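Read through the structure below, which is laid out as structure tokens, and then see the notes.
The structure is reproduced here in structure tokens:
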């Protein structure tokens, strides 16, 4: 299975790298090819917080992947203004096994019509924006899987989605092995009182109230 | 406060970027300067899983930081063979406010003597190696704070450590805000039966048994 990680100027760094790490460990275990960093614009994109990356290939020259991963960041709203980017996502979606988006990667998904008729989610601060689209059923979960479309909440939520995708696609034993390698047994500490916010995703309210 | 993130060939990508994201969000909230990527060897290091980065500056030309962040990856065991790297860490440790290491960043810490007389931890698969050092008190927690030295378990554990460091240094309100921005309310799903392993870190055994 080939994984293509999209990247662009002003990508949110952890959106991209959290899931990259898990797929990298999957590749280390010979379950898939090494992931590729496929740029939608410059070959040396800069992240939202100033980290500089070097892409492997431009999307116009990339081979068709089995899985496409779409991170967020303010750059997703710039990249989506390029019609050739939207055409690429629409074309690839017809044949690839799955497309997964994190955070405001939702803007690229929505603009390409990939959320049409689907249940989907995004960063809690952008739920209201996504709800304005009558063709999308917005769910306030950490991640959601609907057919070949997966989507997650903001930034760190992509890791929970990717681990679930690995369990779904490769089995629980493989997911267990990746989870161990990444030592992904996160703390559940909640700072402050996020459940008091009206605009927070429902799953966070439930988590925080039960904490 | 200035954060310096060390990088080197064969750095574990998430070790580096998980905490970078949290400090990036801290900088976005004007609580610190933008973090800098400071290389210990090449200016274009490649990650353990093939992601390519561009460093901001070589350590020999970097300004003295307030906080140094030391990621792991197989490259930490290569970087530690350079005496000028070890001298740099020893020199900086005398004046900086804190040094935080993730995963096998522990090799760089230990070789520089920064764990001497301290409680410290590392990736579960390297606990036994660290225990061979009579000068280090190894604790099997997700992360540990001893004076100006912080250390965490493997890969993803660095994020929990960095969020705790932010809470300790900037207060719980700031940590709450960073946690919200990163939507860091991770799932607690455990795949497989890690608690059956004898070599796992104690905190994972406790978590898994209580799940």
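Protein chains in written order, with our numbering: chain R, 51 to 261; chain Y, 51 to 261. All C-beta atoms in this analysis are idealised placements derived from N, C-alpha and C, irrespective of residue type, glycine included. Predicted model, so just to flag it, every value in this text is computed and none were measured.
When Cβ atoms are compared, which residues of the stretch 234-259 of chain Y fall closer than 9 Å to chain R?
234, 235, 236, 237, 238, 239, 240, 241, 242, 243, 244, 247, 250, 251, 253, 254, 257 and 258
Could you give the residue range of the beta strand (DSSP E) that holds residue 104 of chain Y?
Numbered from its first residue, the second chain carries residue 104 of chain Y at position 54. For residue 104 of chain Y, the enclosing beta strand (DSSP E) stretches over residues 102-104.
Looking at the C-beta of residue 180 of chain R, does it have a partner C-beta in chain Y at a distance below 7 Å?
Locating residue 180 of chain R in the first chain gives position 130, where the first residue counts as 1. It does not; no Cβ of chain Y falls within 7 Å.
Report yes or no: do the stretch 59-72 of chain R and the stretch 198-218 of chain R share at least 3 C-beta pairs separated by less than 8 Å?
yes
Note down, in chain order, each residue of its chain lying with its Cβ closer than 7 Å to the Cβ of residue 75 of chain R, except the 5 sequence neighbours on either side.
Translated into positions along the first chain, residue 75 of chain R becomes position 25. Result list for residue 75 of chain R: 228, 231 and 232, in chain order.
Is the CB of residue 167 of chain R under 7 Å away from at least one CB in chain Y?
Here residue 167 of chain R is taken as the residue at index 117 of the first chain, counted from 1. Chain Y, which has no Cβ nearer than 7 Å to the Cβ of residue 167 of chain R, makes this no.
Could you please tell me which residues of the stretch 181-213 of chain R, in chain order, have their CB closer than 8 Å to any CB of chain Y?
192, 203, 204, 205, 206, 207, 209, 210 and 213
Go ahead and pull the three-state DSSP assignment for residue 196 of chain R.
Counting from one through the first chain, the residue named residue 196 of chain R turns up at place 146. If DSSP states are grouped into helix, strand and coil, residue 196 of chain R belongs with the strands.
Sort Y:167, Y:69, Y:213 and Y:202 by Cα distance to residue 282 of chain Y and report the nearest one.
Any answer about residue 282 of chain Y is impossible in this case: the structure gives chain Y only from 51 up to 261.
Quick one: complete alpha helix (DSSP H) runs, 4+ long, within the stretch 60-139 of chain Y?
63-78 and 125-129
In chain order, what residues of the same chain lie with their CB nearer than 6 Å to the CB of residue 202 of chain R, ignoring the 5 residues before and after it?
Here the question's residue 202 of chain R lines up with position 152 in the first chain. Result list for residue 202 of chain R: 152, 193, 208 and 211, in chain order.
Are there 16 or more other CB atoms within 10 angstroms of the CB of residue 238 of chain Y, so buried, or fewer, so exposed?
On the second chain, residue 238 of chain Y is found 188 positions in, with the first residue counted as 1. Exposed.
With C-beta atoms as the reference, is residue 224 of chain R less than 7 Å away from residue 81 of chain R?
Here the question's residue 224 of chain R lines up with position 174 in the first chain. Here the question's residue 81 of chain R lines up with position 31 in the first chain. For residue 224 of chain R and residue 81 of chain R, yes; Cβs fall inside 7 Å.
For the alpha helix (DSSP H) that residue 215 of chain R lies in, which residues bound it at each end?
Your numbering for residue 215 of chain R matches position 165 in the first chain. From DSSP, the alpha helix (DSSP H) with residue 215 of chain R extends over 207-220.
Give a yes or no on whether 7 Å exceeds the smallest Cβ distance from residue 64 of chain R to chain Y.
Looking up residue 64 of chain R in the first chain gives position 14. Output row for residue 64 of chain R: interface = yes.
Grouping DSSP H, G and I as helix and E and B as strand, with all else coil, what is residue 54 of chain Y?
Here the question's residue 54 of chain Y lines up with position 4 in the second chain. Three-state result, residue 54 of chain Y: strand.
So if I threshold CB-CB distances at 7 Å, which residues from the stretch 99-111 of chain R count as touching chain Y?
Taking 7 Å as the Cβ-Cβ cut-off, the stretch 99-111 of chain R approaches chain Y at 99, 100, 101, 102, 103 and 104, given in chain order.
Between which two residues does the beta strand (DSSP E) holding residue 150 of chain Y run?
What you label residue 150 of chain Y is simply residue 100 of the second chain in a count that begins at 1. Residues 148-152.
For residue 220 of chain R, which of R:79, R:59 and R:84 has the nearest alpha-carbon?
As a first step, residue 220 of chain R must be located in the first chain, where it is residue number 170. Among R:79, R:59 and R:84, the Cα nearest to that of residue 220 of chain R is on R:79.
Please state whether the Cβ-Cβ distance between residue 187 of chain Y and residue 169 of chain Y is less than 7 Å.
In the second chain, the residue the question calls residue 187 of chain Y occupies position 137. In the second chain, the residue the question calls residue 169 of chain Y occupies position 119. Yes, these two residues count as a Cβ contact at 7 Å.
Taking C-beta pairs closer than 9 Å, name the residues in chain R that residue 85 of chain Y reaches, listed in chain order.
Taking the second chain and counting its residues from 1, the one referred to as residue 85 of chain Y is at position 35. Around residue 85 of chain Y, the beta-carbon contacts reaching into chain R at under 9 Å are 99, 100 and 101.
Would residue 79 of chain Y count as contacting chain R if we go by Cβ distances under 7 Å?
The sequence position of residue 79 of chain Y within the second chain is 29, counting from 1. No - not a single Cβ of chain R is within 7 Å of the one on residue 79 of chain Y.
Over the uninterrupted alpha helix (DSSP H) stretch that includes residue 161 of chain Y, give me the two end residues.
On the second chain, position 111 is the one that residue 161 of chain Y refers to. First-last of the alpha helix (DSSP H) with residue 161 of chain Y: 155-161.
Residues in the same chain with beta-carbon distance under 6 Å from residue 60 of chain R, minus the five sequence neighbours each way, listed in chain order, please.
On the first chain, position 10 is the one that residue 60 of chain R refers to. So the list reads 98, 123, 124 and 125, once near-sequence residues are dropped.
Please report the residue range of the alpha helix (DSSP H) in which residue 241 of chain R lies.
Here residue 241 of chain R refers to the residue found at position 191 of the first chain. No alpha helix (DSSP H) contains residue 241 of chain R, which DSSP labels as neither H nor E.
Return the Cβ separation of residue 96 of chain Y and residue 109 of chain Y in integer angstroms, given the expectation that the two are a contact with Cβ distance under 8 Å.
By 1-based counting over the second chain, the position of residue 96 of chain Y is 46. By 1-based counting over the second chain, the position of residue 109 of chain Y is 59. Not quite, the Cβ-Cβ distance comes to about 18 Å (not below 8 Å), so this is no contact.
Going by beta carbon distance, what residues of the same chain come within less than 7 Å of residue 70 of chain R, once the five residues before and after it are set aside?
In the first chain, residue 70 of chain R corresponds to position 20, counting from 1. Correct list, in chain order: 55 and 85.
Hey, out of Y:113, Y:114 and Y:94, whose CA is closest to residue 105 of chain Y's CA?
Residue numbering aside, residue 105 of chain Y sits at position 55 when the second chain is read from its first letter. Comparing Cα-Cα distances from residue 105 of chain Y to each of Y:113, Y:114 and Y:94, the minimum goes to Y:94.
Quickly, what does DSSP pair residue 201 of chain Y with across the bridge? List them, please.
Looking up residue 201 of chain Y in the second chain gives position 151. According to DSSP, residue 201 of chain Y bridges with Y:151 and Y:194.
Quick one: is residue 218 of chain Y buried, meaning 16 or more other Cβ sit within 10 Å of its Cβ, or exposed?
Numbered from its first residue, the second chain carries residue 218 of chain Y at position 168. Counting Cβ neighbours within 10 Å, residue 218 of chain Y comes out exposed, since fewer than 16 surround it.
With a threshold of 7 Å between beta-carbons, can residue 71 of chain Y be considered close to chain R, or not?
In the second chain, counting from the first residue as 1, residue 71 of chain Y sits at position 21. Cβ-Cβ to chain R under 7 Å: yes for residue 71 of chain Y.
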